[in-house]
Amino acid sequence: MATIKSLNKWANAHTYYPLDLLRVALGVFLFMKGVDFMSNHQQMAEIIKPFQNMPGGMLIIHYVAPAHFVGGFLIVIGLLTRWAVIAQLPILIGAVLVNFIGEMNTSNLILAFATLLVCIFFMFYGSGKHSADYYLKMQK
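Counting in the working numbering, the final residue of the sequence shown is number 508, and the numbers go up one at a time with none missing.
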């Protein structure tokens, strides 16, 4: 717990608007991917095809779209950012692995890997000073 508090103090002291814009862009991207997966079931089934024979394959389909949808919204407003990012990590690791297990698509691999790196950054950085987390913390 002390580590998270020290990370929050460092992030709030070193906050910049470009990092807040990056957080919002990440959230909007994940939200839009969630909407895309919910509206296009065939595309989702095609992407998850390499994991189809694994136990819990149907669970993956029912986890990815809502996690992107809700997690993206939470990241945009900066509420529970670390938890929302942690919920994205298994999906993004799976998105990177899909390119090695299934058919290799370089553009999807680069997009998934870049998103994974940004999520890892915000897992440590947090939501920053311009977020709902910071606002609610200052209300105490």
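Beta carbons are placed, not taken as given, at the ideal position from N, Cα and C, and that holds for glycine.
Have a look at the options and flag the residue whose alpha-carbon is nearest the alpha-carbon of residue i.
i: PHE399; options: SER475, VAL453, GLN411, MET491; result: VAL453
i: GLU471; options: TYR385, GLU414, LYS401; result: GLU414
i: LYS377; options: GLY462, TRP451, LYS497, LEU504; result: LYS497
i: TYR384; options: LYS505, MET506, SER499; result: SER499
i: GLY462; options: TRP451, TYR431, PHE490; result: TYR431
i: HIS409; options: MET426, PHE397, ASN421; result: MET426
i: PHE520; options: VAL444, MET506, LYS505; result: There is simply no residue 520 to check, as the chain begins at 369 and stops at 508 in what is shown.
Considering only residues of the same chain and omitting the five flanking positions on each side of residue i, which have a CB-CB separation below 7 Å?
i: VAL464; result: LEU477, ALA480, PHE481, LEU484
i: ILE469; result: PRO418
i: ILE372; result: none
i: PRO423; result: none
i: LEU460; result: ALA480, THR483, LEU484, CYS487
Can residue i and residue j be called in contact, C-beta distance under 8 Å?
i: GLY439; j: ASP501; result: no
i: PHE492; j: LEU387; result: no
i: ALA435; j: GLN456; result: yes
i: ILE429; j: MET406; result: no
Starting from the C-beta of residue i, find all residues in its chain whose C-beta is less than 8 Å away, skip the five residues before and the five after it, and write them out in chain order.
i: LEU448; result: LEU442, ASP501
i: ASN473; result: ASN467
Between residue i and residue j, how many whole angstroms is the CB-CB distance? I'm expecting something under 8 Å.
i: GLY402; j: PHE437; result: 3 Å
Under a CB-based cut-off of 8 Å, is residue i close to chain B?
i: TRP378; result: Among the protein chains of the structure shown there is no chain B, as only one such chain exists.
Leaving out the 5 sequence neighbours to the left and right, which residues in its chain are closer than 6 Å to residue i when beta-carbon positions are compared?
i: TYR503; result: none
| Inter-stretch contact at 8 Å, needing at least 3 Cβ pairs: the segment 385-393 / the segment 486-500 | yes
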